[in-house]
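Same order as they appear, the protein sequences are chains A and B.
Residue numbers for the first sequence follow our numbering, beginning at 31 and rising by one.
Residue numbers for the second sequence follow our numbering, beginning at 31 and rising by one.
Remarks on the structure that follows.
Protein chains: 2
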Amino acid sequence: MKKTAAVIGTGLIGGSIGKALLAGRSYSRVIGIGRNRAKLRLALKEKAVSSWSTDYSALKEADLVIVCTPVVHIENIFAKIGPSLKPGCIVTDAGSTKERIVKSSAKLPKGVFFVGSHPIAGSHKRGVGNADGRMFFGTLCIVTAAKGANSKAVNSVASLWKSLGCRVMFMSPSEHDRTLALTSHVPHFTASALVLAVLNGDKKRERVLGKGFLDTTRIAAGSPELWCEIASSNRKNIALGIDKVISALRKIKKNAGSRKLLPLLAKASKLRGKLK
Amino acid sequence: MKKTAAVIGTGLIGGSIGKALLAGRSYSRVIGIGRNRAKLRLALKEKAVSSWSTDYSALKEADLVIVCTPVVHIENIFAKIGPSLKPGCIVTDAGSTKERIVKSSAKLPKGVFFVGSHPIAGSHKRGVGNADGRMFFGTLCIVTAAKGANSKAVNSVASLWKSLGCRVMFMSPSEHDRTLALTSHVPHFTASALVLAVLNGDKKRERVLGKGFLDTTRIAAGSPELWCEIASSNRKNIALGIDKVISALRKIKKNAGSRKLLPLLAKASKLRGKLK
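See below:
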């Protein structure tokens with residue numbers, strides 16, 4: 031029997047998930063839930079959902095609920111949706127940090143199964159108008175279960191992402207946040223810091239910028255609001271990572287002009303050169 | 031009457047200059063000077079030079095001498111070539127830092143005109159086998175004259191690079207080194223520091239790396255020897271630039287989790303977003 035899914039937050043990610051589920055075999059219905067009626071109507075028109083509501087009570091028919099709102103809203107949503115959820119339903123999310131979200135899932139009622147997800151896909155584009163059911167093909171999704179999570183629910187969530195085309199990797203919520211701080215968040219803030227250190231509106235200086243600088247700072251052009259939110263939800267790990275970068279910069283500065291710099295740069299060159 | 035040029039150091043840059051000059055209208059001969067006979071023979075075979083010598087006395091016929099060796103050797107070369115230079119000849123270089131080189135050009139005899147150059151071209155490839163006379167087309171060359179430099183010589187050197195297809199920008203040697211520290215050297219060392227902070231050979235972590243990290247650290251794979259040399263020849267400006275990056279990183283770390291982060295990230299996003 032085909033099942034019912036609900037997507038809370040029908041932007042680029044929620045809309046893409048909705049389209050993918052409606053194109054697949056397991057779900058006959060995707061209910062879009064949100065606050066903004068115009069956006070929900072657009073999601074319906076774009077065929078990212080099969081119906082919509084501004085009321086959480088519409089969740090009562092859902093076998094699967096995917097929360098795709100900005101990270102800051104997820105905790106509050108968990109606190110509110112409990113009474114509307116069907117016993118046995120599976121809840122997941124698409125937030126880019128996990129420790130706080132998985133912790134706050136304790137607010138969900140017993141008999142409902144939460145497993146965190148972080149699909150590492152996305153685009154500089156936004157909104158359901160850019161949603162694409164094939165957006166997750168070939169991308170990585172990290173699935174993060176709390177200690178003692180129901181293993182059937184963990185497998186269901188992993189299967190969900192696989193059915194959307196993702197490679198799935200399992201991590202604990204804290205391993206996820208430590209890892210992403212280093213592989214994604216700290217690189218972003220390092221690029222921002224480099225821009226702030228180098229650019230001051232001087233046109234002559236801008237004319238000298240080469241491909242190296244442009245590559246190294248490209249991600250700094252990303253959404254300030256989104257990255258503020260990520261900084262807030264993964265503050266401690268990001269602070270530790272920034273300290274590591276500062277310490278490496280200090281070492282390079284201290285050894286500039288000495289042969290001791292060579293093994294440092296050689297190590298960095300070798301580690302980076304091995305990647306594509 | 032067609033003139034004679036000499037290129038000291040016939041690698042990728044020296045070889046590309048030689049090819050471009052031999053393809054142009056002003057020079058009938060390009061003499062390659064170096065220490066390694068096999069490399070010089072290859073330069074002749076590749077038509078990057080029209081003759082070669084391991085002896086500086088071959089410089090006596092040159093109207094133009096371009097020093098294309100690694101930066102560390104240039105000072106020593108200036109100290110040695112003086113007796114072989116023709117009175118009135120113009121000497122330039124292709125080194126990527128300028129203050130020390132322009133200062134050490136005082137070792138050249140009176141009656142010989144030195145003007146520094148930094149063609150911002152290049153490639154991860156090396157050697158005269160990869161030399162290309164069109165390599166400089168559309169690239170930037172910064173021409174750096176010492177105070178009181180002969181203006182005819184400055185114009186000749188600027189014309190040389192324009193004839194090779196470069197846009198020419200004039201800077202004082204110290205302005206060049208301050209600017210390049212920020213636009214090129216510090217971005218390189220920041221990318222190296224990020225690699226050293228993030229990568230430790232952990233395969234699981236590597237599987238999570240996205241396009242953002244790969245873009246941000248691409249330049250860190252560059253030649254450790256070359257960048258050691260650059261660090262040594264522009265140490266003070268690089269140290270000042272690294273301090274600026276550290277200070278921006280500290281500010282981001284301090285404000286992570288507060289709304290004060292937003293204007294910082296918004297400024298970086300706007301400054302970077304304006305560039306391509």
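From the three backbone atoms N, C-alpha and C, an ideal C-beta is built for every residue, glycine too.
Beta carbon proximity, residue i to chain A, threshold 7 Å
{"i": "I249/B", "result": "yes"}
{"i": "L301/B", "result": "yes"}
{"i": "D207/B", "result": "no"}
{"i": "F243/B", "result": "yes"}
{"i": "T122/B", "result": "no"}
{"i": "K284/B", "result": "no"}
{"i": "W257/B", "result": "yes"}
{"i": "W211/B", "result": "Note on residue identity: the sequence assigns Ala, not Trp, to residue 211/B. Closer than 7 Å: no."}
{"i": "R55/B", "result": "no"}
{"i": "I268/B", "result": "yes"}
{"i": "L26/B", "result": "Residue 26/B cannot be examined here, being either before or after the span of chain B that is shown, 31 to 306."}
Test item: CB-CB of residue i and residue j under 7 Å
{"i": "P254/B", "j": "L295/A", "result": "yes"}
{"i": "S263/B", "j": "V101/B", "result": "yes"}
{"i": "A73/B", "j": "V79/B", "result": "yes"}
{"i": "K155/A", "j": "A109/A", "result": "no"}
{"i": "T122/B", "j": "V145/B", "result": "yes"}
{"i": "D232/B", "j": "E129/B", "result": "no"}
{"i": "C258/B", "j": "L279/A", "result": "no"}
{"i": "T34/B", "j": "G62/B", "result": "no"}
{"i": "R54/A", "j": "V158/A", "result": "It should be noted that the sequence gives Gly, not Arg, for residue 54/A. No, Cβ-Cβ distance for G54/A and V158/A is not below 7 Å."}
{"i": "I260/B", "j": "S126/B", "result": "yes"}
{"i": "G242/A", "j": "A251/B", "result": "no"}
{"i": "K32/A", "j": "S58/A", "result": "yes"}
{"i": "W82/B", "j": "L94/B", "result": "no"}
Alpha-carbon spacing of residue i relative to residue j, whole angstroms
{"i": "I47/A", "j": "H103/A", "result": "19 Å"}
{"i": "T84/A", "j": "I38/A", "result": "10 Å"}
{"i": "A50/B", "j": "A161/B", "result": "10 Å"}
{"i": "S222/B", "j": "A124/A", "result": "31 Å"}
{"i": "G361/B", "j": "T169/B", "result": "Absent from the model: residue 361/B. The displayed extent of chain B is 31 to 306, so no value can be given."}
{"i": "H218/B", "j": "N285/B", "result": "26 Å"}
{"i": "T182/B", "j": "S299/A", "result": "It is worth fixing the name first, because residue 182/B is Lys in this sequence and not Thr. When rounded, the distance between both Cα atoms is 43 Å."}
{"i": "V132/B", "j": "E76/B", "result": "31 Å"}
{"i": "S193/A", "j": "H148/A", "result": "15 Å"}
{"i": "R248/B", "j": "E236/B", "result": "14 Å"}
{"i": "R265/B", "j": "A36/B", "result": "31 Å"}
{"i": "L239/B", "j": "A151/A", "result": "12 Å"}
{"i": "C171/B", "j": "M199/B", "result": "6 Å"}
{"i": "S114/A", "j": "Y86/A", "result": "6 Å"}
{"i": "I96/B", "j": "D245/B", "result": "34 Å"}
{"i": "A176/A", "j": "K116/A", "result": "21 Å"}
{"i": "S56/B", "j": "V216/B", "result": "38 Å"}
{"i": "L305/A", "j": "M165/A", "result": "24 Å"}
Contact set between residue i and chain A, taken where Cβ atoms lie within less than 7 Å
{"i": "L194/B", "result": "Simply none; closest approach about 18 Å."}
Interface partners of residue i on chain B, CB under 8 Å
{"i": "G252/A", "result": "S299"}
{"i": "A35/A", "result": "Near A35/A there are no residues of chain B at all, since even the closest Cβ is about 27 Å away, more than 8 Å."}
{"i": "R235/A", "result": "T209, L212, T213"}
Test: residue i CB closer than 7 Å to a CB of chain B
{"i": "F219/A", "result": "yes"}
{"i": "A278/A", "result": "yes"}
{"i": "I272/A", "result": "yes"}
{"i": "V275/A", "result": "yes"}
{"i": "L292/A", "result": "yes"}
Contact list for residue i against chain B, beta-carbon separation under 7 Å
{"i": "M165/A", "result": "Under the 7 Å cutoff, chain B gives no residues; its nearest Cβ is about 14 Å from M165/A."}
{"i": "A296/A", "result": "P254"}
{"i": "M31/A", "result": "Going along chain B, no residue has its Cβ under 7 Å from M31/A, so there is no contact; the nearest lies around 36 Å."}
Cross-chain neighbours of residue i in chain B, by beta carbon under 9 Å
{"i": "I38/A", "result": "What I38/A touches in chain B: nothing, since even the nearest Cβ is about 25 Å away."}
{"i": "I150/A", "result": "V238, G240"}
{"i": "K306/A", "result": "L244"}
{"i": "L170/A", "result": "R237, V238, G240"}
Within chain A, partners of residue i - CB distance below 8 Å
{"i": "G287/B", "result": "A261, S262, R265"}
{"i": "V216/B", "result": "L224, A227, V228"}
Distance cut-off 6 Å: residue i Cβ against heavy atoms of the ligand FAD
{"i": "L292/B", "result": "Absence of the ligand FAD is noted for the structure shown, with no ligands found whatsoever."}
CB contact below 7 Å: residue i versus chain C
{"i": "I276/A", "result": "The structure shown contains no chain C; its protein chains are A and B."}
Should the region 262-276 of chain B be regarded as contacting the region 214-231 of chain A, the criterion being three or more beta carbon pairs within less than 8 Å? yes
Should the region 183-194 of chain A be regarded as contacting the region 202-217 of chain B, the criterion being three or more beta carbon pairs within less than 8 Å? no
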